[in-house]
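For the sequence shown, our numbering puts the final residue at 711, and the numbers step up evenly by one.
Below is one structure; the comments refer to it alone.
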Amino acid sequence: MVADRIGKDNRRKIFYLVMALIFTDTILYGAIVPLIPIYMKNLQLTTSAIGAIFSAYAFGILILSIPLGVMAEKYGYRKIFLAGMSALALSCFFYGFMNSPGALLLCRFIQGAAGAASWTGGLAIAAVIYPDRQGEKIGLLMAVMGLGTICGPPIGGFLYHLFGYKLMFGILSLLCLILLFCIRLVSFADLPAAKHSQININIFSTLSNARVFWLSAIIVVLASIFGMLEVLMPNHMDGHFGLNTVEIGLCFGFMGIIHAVSDAFSGQLSDRYGYEIFVLGGLVFCAVSLPFLAWAPNIFTLLVVLSLVGAATGAAVTPSQPLLYRIITVQQGENNGGAGYIYGFYNTIYSIGMFLGPLLGGLLNRHFNLFGSLLFFAFLFGAGAVLFYFKVFIPEKKEKILL
309 MVADRIGKDN RRKIFYLVMA LIFTDTILYG AIVPLIPIYM KNLQLTTSAI
359 GAIFSAYAFG ILILSIPLGV MAEKYGYRKI FLAGMSALAL SCFFYGFMNS
409 PGALLLCRFI QGAAGAASWT GGLAIAAVIY PDRQGEKIGL LMAVMGLGTI
459 CGPPIGGFLY HLFGYKLMFG ILSLLCLILL FCIRLVSFAD LPAAKHSQIN
509 INIFSTLSNA RVFWLSAIIV VLASIFGMLE VLMPNHMDGH FGLNTVEIGL
559 CFGFMGIIHA VSDAFSGQLS DRYGYEIFVL GGLVFCAVSL PFLAWAPNIF
609 TLLVVLSLVG AATGAAVTPS QPLLYRIITV QQGENNGGAG YIYGFYNTIY
659 SIGMFLGPLL GGLLNRHFNL FGSLLFFAFL FGAGAVLFYF KVFIPEKKEK
709 ILL
C-alpha cells in the first residue's frame, strides 16, 4: 500500500499542508463577502449579478473537479497543488484591478478552479495516505473548511478596513505565494504518478452502480441545505425576531461551528462504527429538525434547532465521502485506486447541490411560507433516508456478510 511507503512524519506534513491549502481556499472564498455593497455601488450591480458572480466559484468546481482529480493521479499531486495555488494567487492579484462585472466573474471562476485543485487533490491524498482512517482525516478537513468559511468574511473586512481594496488583495496573494513555497518544501516522492490512469472509468460507468447512483442523489440533497437556508432564513430572522445583518451572520456562524465540530467527531467515530449508520442518522435528524426552524418561539430555541441541523448535516456529509470511495473502489476492483477521480466525482455532485439549494429555496419562497418550504426540504431528507436505507444501507450490510 502507498501509505506503508510513506513515513509517519511525512504523512503528517502532507496532511497539514492539505489543511493549510483548504483553509486558505475557504478564507479567500468568503473574504469578498464584505465587499458586496462596494461592488453593488461602484459597479451598479444587482443582486442577481452578485449571485451570478458567486455562482461562478461553484461552476469552476463543477467543471474541473474530475479532470483535476484524474490529472493528480496521472501527473502527481504536487503539480496539481502548485497549479491550483498559483491560480489562486493570480486571481487574488487581479481582483485588486478588476473594475467590471465580467472581470469579477472570471476571477471568481478561477478561484473555483483553484478550489477544485485543493479540494479534489486534498481529499484524494487523505484517502491514499490514510486508507483506514478516511473518516477521521476527512472530518478534520471538513472542520477546517468550516472554520475557514466562518473566518473569511471578518478577515476580508478587517484587511479592507486597514489597508484598502488593492493592498488587501496583495496581502492575500502573498499568503498564496507563501503556501506555494511550502508545497515545494514537502516531499511527495512516495506518491508517484498513479497507475490508475490506465483504468477506464467515467461518470456514466460509475453511476451504473445502483448504490453509487442513489448515494450521489442523496449527496446532492445534503449539499443543498445550506444554500437553501441562506435564502429562506434571513428574512424570517429579520421579520420575526428583529435581527440585524450582523446578528443573522452570527447565527449562521454558530451553526457553522457546530457543523465543523460534528464533521470532526462523526468522521472519527464513523471509521469505528460504520459510515452508513451516520449518514442514515444525519438524514433522519435533518428531516425531523428542519420544520422546527419555522416554529422556534425565541432566539435560544432557534439556535438550538440550527445546532441540531448543523450537527446532523455534518454527521451525514463527512462519512458519505469515504463511503462513496469504498463503494466505487470495490466496483472498480481497485481497493487503492482512483482516489483523484473518485473525490473529483464527489466534488462534482456536491457542487450540483450547492447550485440547486439556493435556486430551489428561492422558488419555494415565492410560492409557500417558511414552514411549507422547510417541510418540502424535510420531505426530501426523509425520502433520502428511506432510499438510503433500502438502496445503500441494506445492500452494503449484505455485501459485508457475504465477504
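All C-beta atoms in this analysis are idealised placements derived from N, C-alpha and C, irrespective of residue type, glycine included.
Under 8 angstroms: do the segment 549-569 and the segment 433-442 share three or more Cβ pairs, one atom per stretch?
Between the segment 549-569 and the segment 433-442, the count of Cβ pairs shorter than 8 angstroms is below three; the stretches do not touch.
How is F496 classed by DSSP in three states: helix, strand or coil?
Sequence index remark: in the sequence shown, residue 496 carries index 188 (1-based). Note: F496 maps to coil in three-state DSSP.
Excluding sequence positions up to five away, which residues of its chain have a Cβ less than 7 angstroms from the Cβ of N655?
For the purposes of this step, residue 655 is taken as the residue at position 347 of the sequence shown. Contacts found: I369, S373, A424, W427 and T428.
Pair every Cβ in the segment 445-460 with every Cβ in the segment 681-699, then say whether three or more of these pairs are closer than 8 angstroms.
Flag = no, the segment 445-460 and the segment 681-699 do not touch.
How many whole angstroms separate the CB atoms of L487 and I479, which I take to be in contact at a CB cut-off of 8 angstroms?
Position 179 of the sequence shown, counting from 1, holds the residue named residue 487. Position 171 of the sequence shown, counting from 1, holds the residue named residue 479. Wrong, their Cβ atoms sit about 13 angstroms apart, outside the cutoff.
Once DSSP output is grouped into helix, strand and coil, what is the label at N655?
Counting from 1 along the sequence shown, the entry for residue 655 is found at position 347. In this structure, N655 counts as helix in the three-state DSSP scheme.
Please classify Q442: is it buried, with 16 or more other beta-carbons within 10 angstroms of its beta-carbon, or exposed?
Along the sequence shown, read from residue 1 onward, the residue named residue 442 stands at position 134. By the 10 Å Cβ count, Q442 comes out buried.
Could you give the uninterrupted runs of the alpha helix (DSSP H) lying entirely in the segment 518-565, keeping only those of 4 residues or more?
Residue ranges of uninterrupted alpha helix (DSSP H) with 4 or more members, entirely inside the segment 518-565 and ordered along the chain, are 518-531 and 533-549.
Using three-state DSSP, classify I340 as helix, strand or coil.
The residue you call residue 340 lines up with position 32 of the sequence shown. In the structure shown, I340 sits in coil (DSSP, three-state: anything other than H, G, I, E or B).
For A693, which of T637, V592 and T609 has the nearest alpha-carbon?
In the sequence shown, counting from the first residue as 1, residue 693 sits at position 385. From the listed residues T637, V592 and T609, the smallest Cα separation to A693 is found for V592.
Taking P703 and R580 to be in contact with their CB atoms under 8 angstroms, please state how far apart those CB atoms are, rounded to whole angstroms.
Taking the sequence shown and counting its residues from 1, one reaches residue 703 at position 395. Taking the sequence shown and counting its residues from 1, one reaches residue 580 at position 272. Rounded, the Cβ-Cβ distance is 22 angstroms, inconsistent with contact.
With a 10 Å radius around its C-beta and 16 neighbouring C-beta atoms as the bar for buried, classify Q352 as buried or exposed.
What you label residue 352 is simply residue 44 of the sequence shown in a count that begins at 1. Q352 comes out exposed.
So, L396 versus A360, is the Cβ gap smaller than 8 angstroms?
Here residue 396 refers to the residue found at position 88 of the sequence shown. Here residue 360 refers to the residue found at position 52 of the sequence shown. Their beta carbons are not under 8 angstroms apart, which means L396 does not touch A360 by this criterion.
How is the alpha helix (DSSP H) around K251 delimited, first residue to last?
The structure shown does not extend to residue 251, since the chain is modelled only from 309 through 711, so no value can be given for it.
Is the distance from the Cβ of M348 to the Cβ of I358 below 8 angstroms?
As a working mapping, residue 348 is identified with position 40 in the sequence shown. As a working mapping, residue 358 is identified with position 50 in the sequence shown. Cβ atoms of M348 and I358: closer than 8 angstroms.
Which value, in whole angstroms, describes the spacing of the CA atoms of N644 and H469?
In the sequence shown, residue 644 corresponds to position 336, counting from 1. In the sequence shown, residue 469 corresponds to position 161, counting from 1. Any answer about N644 is weak, because its pLDDT of 42 lies below 50 and its placement is not dependable; what the coordinates show is given next. Distance between the alpha carbons of N644 and H469 is about 48 angstroms.
Would DSSP call Q639 helix, strand or coil?
The residue given as residue 639 occupies position 331 in the sequence shown. Note: Q639 maps to helix in three-state DSSP.
With 16 as the cutoff for other CB atoms within 10 Å, does F477 come out buried or exposed?
The sequence position of residue 477 within the sequence shown is 169, counting from 1. Burial check for F477: the Cβ neighbour count within 10 Å reaches 16 or more, so the residue is buried.
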